[in-house]
Every structure is written in C-alpha cells, then in structure tokens.
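See structure below.
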Amino acid sequence: MAEDNVIPAAGLTVLIDPAVPESQLALAPTRALIAELGLLATWLPVRSELPKASARRTETEFQARRRRAREQNARRERERYYTGLVDAPAGDADVPRAALYWVHGRGDGGAFCESLLRSVWVDGVALDKAARDALAELGLEDGFAEFLVDSDQSLEALEAEITEQGLYRGPAYIIDGETFQGREHLTLMRWRLTGEVGPPPV
Numbered sequence: 003m004a005e006d007n008v009i010p011a012a013g014l015t016v017l018i019d020p021a022v023p024e025s026q027l028a029l030a031p032t033r034a035l036i037a038e039l040g041l042l043a044t045w046l047p048v049r050s051e052l053p054k055a056s057a058r059r060t061e062t063e064f065q066a067r068r069r070r071a072r073e074q075n076a077r078r079e080r081e082r083y084y085t086g087l088v089d090a091p092a093g094d095a096d097v098p099r100a101a102l103y104w105v106h107g108r109g110d111g112g113a114f115c116e117s118l119l120r121s122v123w124v125d126g127v128a129l130d131k132a133a134r135d136a137l138a139e140l141g142l143e144d145g146f147a148e149f150l151v152d153s154d155q156s157l158e159a160l161e162a163e164i165t166e167q168g169l170y171r172g173p174a175y176i177i178d179g180e181t182f183q184g185r186e187h188l189t190l191m192r193w194r195l196t197g198e199v200g201p202p203p204v
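Residue numbering for the sequence shown follows the working numbering, beginning at 3 and increasing consecutively.
Shown next as structure tokens:
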C-alpha cells in the first residue's frame with residue numbers, strides 16, 4: 003500500500019458504519035476479541051452500499067439465487083437480533099463517519115464507537131448529536147468542527163481504499179491485508195490470529 007493510505011498494511015483494521023445496526027451488533031464481540039488477544043486495532047468508518055439495480059440485470063441465475071438467499075438470511079437476522087434497537091436513526095450519518103475518521107490517530111476508536119453506537123441504536127439519539135457527544139466524552143471535540151467542513155476529500159479517499167479492498171458494508175475487517183465482510187467471520191478471524199491451530203471453523 004502507498005504510504006499516504008489510511009488503512010495500515012499490517013494489523014487489524016475494523017470498519018464501522020454507524021448508520022447500520024449490524025455495526026452495533028458486532029461491537030461487543032469485536033471488542034471482546036481485541037481485548038482477549040491484546041490487539042491494537044485501527045477503527046475507521048465505512049459507508050455501506052447496496053448492490054445497484056444495474057448489477058442485478060447482469061447477474062447469473064446462480065448469483066441471483068445467492069443474492070436471494072442472502073436477503074432471506076438478512077430478514078431472519080433482523081427478526082432475531084434487532085429487537086430493542088432503533089428502526090431508523092435520525093440525523094446526518096456523514097457526521098459520525100467523519101468523527102470516527104477524526105478519532106483515528108487521536109484517541110480510542112473502540113471506545114468512541116461504543117459510546118456512539120449505544121447512543122444511536124439503544125438510546126435513539128440522532129446520529130450527528132451522538133457523534134459530537136461521543137467526541138466530547140473522549141475530550142476530542144476541539145478542532146472537529148473545522149475538520150468536518152472539509153472532510154469530504156479525506157472520506158472519499160478512504161472510501162476508495164475500502165472499495166479497492168472489495169469491501170462494501172460495515173462491519174468489515176482487514177487483517178494483514180486479508181478482508182472479512184461481516185461479524186460472522188469473527189470466529190475465523192480468531193483462528194487466524196491465534197496461529198491457525200486445528201481445523202478452521204466452518
């Protein structure tokens with residue numbers, strides 16, 4: 003990777019989209035894995051994207067079957083796990099994404115995400131207010147307002163890096179250049195990070 007890239011070439015990177023409930027569901031097991039293995043993680047924002055309709059027009063029958071299966075699994079997961087979470091958070095989702103970028107290199111991204119996501123998805127606080135509250139809680143609010151005004155270029159460059167990695171939704175993970183889309187891969191990640199002892203988890 004180029005020296006000016008934000009995503010490090012080595013170590014664990016956690017990509018979080020504050021605007022999707024999957025990020026809230028992934029947070030506790032992700033932080034538990036990091037604490038258990040004593041890892042230093044890089045926390046960065048990602049903007050979740052849905053497949054474009056044009057992509058569906060060109061998909062094969064097999065790809066369409068796989069997509070429908072994923073959509074069905076997603077519906078079942080929402081019914082099973084999302085009880086008690088806010089249905090659709092209010093506010094500007096770009097503010098918490100910019101705030102998480104701002105925290106990178108300045109403070110504890112995991113602690114920021116914990117405060118932010120709890121406020122948004124459990125307490126129902128608007129995304130932009132929750133982001134500013136979480137920054138204040140960590141003492142990192144100074145300078146953020148100025149950064150936010152001109153944050154588009156930084157976030158777009160990061161999005162280009164993430165797209166290059168083949169990732170499109172939060173939460174996602176990168177370990178030494180290897181990518182994992184979704185919290186369902188945490189067990190496999192643990193196996194990789196602990197020396198791949200025994201057969202890989204299915």
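Ideal placement from N, C-alpha and C gives every residue a C-beta, glycine not left out.
Answer with buried or exposed for residue i, where buried requires no fewer than 16 other C-beta atoms within 10 angstroms of its C-beta.
i      : result
Val127 : buried
Val151 : exposed
Arg70  : exposed
Ala30  : exposed
Val97  : buried
Arg68  : exposed
Ser56  : Confidence is the limiting factor: at Ser56 the pLDDT is only 42, short of 50, which leaves the residue's position unreliable and the question unanswerable from this model.
Val199 : exposed
Straight-line CA distance for residue i to residue j?
i      : j      : result
Arg192 : Cys115 : 21 Å
Gly93  : Leu129 : 5 Å
Pro53  : Ala66  : Low per-residue confidence applies at Pro53: pLDDT is 46, beneath 50, and the placement is therefore not dependable enough to give any value.
Phe182 : Ala37  : 19 Å
Thr15  : Gln155 : 21 Å
Glu63  : Leu39  : 42 Å
Glu158 : Tyr170 : 13 Å
Thr187 : Gln74  : Before going on, a small fix: residue 187 reads as His here, not Thr. Cα-Cα distance, rounded: 19 Å.
Ser149 : Lys131 : At residue 149 the sequence reads Phe, which differs from the Ser that was named. For Phe149 and Lys131, the distance between alpha carbons rounds to 16 Å.
Gly165 : Gly197 : This sequence places Thr at residue 165; Gly is not what is there. Taking the straight line from one Cα to the other gives about 28 Å.
Gly86  : Asp125 : 10 Å
Ser25  : Tyr84  : 11 Å
Quick test of your reading: residue i and residue j, contact by CB under 8 Å. State the CB separation rounded to the nearest angstrom.
i      : j      : result
Val88  : Trp123 : 5 Å
Ser121 : Ala101 : Contact doesn't hold; Cβ gap of about 12 Å is too wide.
Ala95  : Pro23  : Contact flag wrong, Cβ pair sits at about 13 Å.
Tyr103 : Ser50  : Not really, about 16 Å apart at Cβ, beyond 8 Å.
Leu41  : Gly172 : No, Leu41 and Gly172 are not in contact; Cβ-Cβ is about 19 Å, not under 8 Å.
Glu163 : Ile9   : 5 Å
Does the separation of the CB atoms of residue i and residue j fall below 7 Å?
i      : j      : result
Arg33  : Gly112 : yes
Glu143 : Ser117 : no
Leu190 : Pro203 : yes
Starting from the Cα of residue i, find the closest Cα among the options and give me that residue.
i      : options                           : result
Gly184 : Asp6, Val48, Ala12 and Leu142     : Val48
Glu180 : Glu186, Asn7, Thr189 and Gln167   : Gln167
Asn7   : His106, Leu29 and Arg134          : His106
Ala12  : Arg68, Leu195, Glu63 and Leu29    : Leu195
Ala133 : Pro91, Pro10 and Leu188           : Pro91
Leu119 : Leu27, Gln74 and Phe146           : Leu27
Leu35  : Thr62, Pro201, Tyr175 and Val199  : Tyr175
Ala43  : Leu188, His187, Ile177 and Gly197 : Ile177
Arg99  : Val199, Phe146 and Gly197         : Phe146
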